[in-house]
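Accompanying notes for the structure given below.
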Amino acid sequence: MSSCNGIKRKIEIIFPESTTITSQELYDSAENSYSNGSPWTIGSFQTDLETPLAGYGLAMKEEEIIGFIGYRHFLGEAEITNFGVRKEYQQQGIATDLMFACLAYLKEQGMRQLFLEVRSSNQAARLLYQKIGLVKVDIRKNYYHNPIEDAIVMQYME
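First residue of the sequence shown: 1, per the UniProt record's numbering; consecutive thereafter.
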């Protein structure tokens with residue numbers, strides 16, 4: 001159990017086998033996490049779940065997925081592919097807990113460096129990533145669509 005601002009919440013963070021998560025569950029969580037809806041389709045999530053070096057961490061409240069973080073890792077390098085917390089659970093420290101848990105899990109798997117992209121306008125996420133220890137290393141022009149926007153590439157190194 002963790003607490004934030006004096007409010008107790010029973011949140012469990014797990015890293016299950018990909019076969020126990022469905023693409024529909026991930027899509028529904030993403031659809032509810034982003035202001036413009038899910039940037040990934042159900043098919044995109046399904047493809048990711050079938051990728052051997054990909055996985056997901058889940059923030060669970062009882063049986064409900066309230067947050068998720070997708071990653072790929074290979075030979076000591078990892079990439080965060082997708083990350084979100086359902087709107088009704090945002091601003092409660094769940095994203096921070098999920099990110100720290102994912103870093104710890106990936107370190108156990110041998111990760112030495114991690115990369116991710118974040119919308120240049122997403123100040124809340126950028127501040128979270130900086131708090132965790134990621135630094136800006138590059139900009140990808142017009143990387144995102146709906147709306148078109150640059151991506152800030154961030155890196156974490158052991």
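All C-beta atoms in this analysis are idealised placements derived from N, C-alpha and C, irrespective of residue type, glycine included.
**OP:** Assign Phe-110 to buried or exposed, taking buried as 16 or more other Cβ atoms, counted over all protein chains shown, within 10 Å of its Cβ.
**Re:** The sequence given here places Gly at residue 110; Phe does not occur at that position. Label assigned to Gly-110: exposed.
Original post:
With DSSP run on the structure shown, which of helix, strand or coil describes Gln-130?
Top reply: helix
Subject >> Ile-94, enclosing alpha helix (DSSP H) - first and last residue >> reply: 94-108
Subject >> Counted within 10 angstroms of its Cβ, other Cβ atoms place Ile-148 as buried (16 or more) or exposed >> reply: exposed
Subject >> Stretch pair the segment 29-36 + the segment 48-57: three plus CB contacts closer than 8 angstroms >> reply: no
Original post:
DSSP on Lys-10, reduced to helix/strand/coil?
Top reply: coil
Original post:
Under a three-way DSSP split, which group does Tyr-34 fall into?
Top reply: coil
Subject >> Environment of Ser-121 [buried if 16+ CB atoms lie within 10 Å] >> reply: exposed
Original post:
Does the distance from the CB of residue 164 to the CB of His-73 come in under 8 angstroms?
Top reply: Coverage of the chain is limited to positions 1 through 158, which leaves residue 164 absent and any answer about it impossible.
Original post:
In the DSSP assignment, what are the bridge partners of Asp-28?
Top reply: Bridge partners of Asp-28: none, in fact.
Subject >> Burial state of Arg-86, where buried means 16 or more other Cβ atoms lie within 10 Å >> reply: buried
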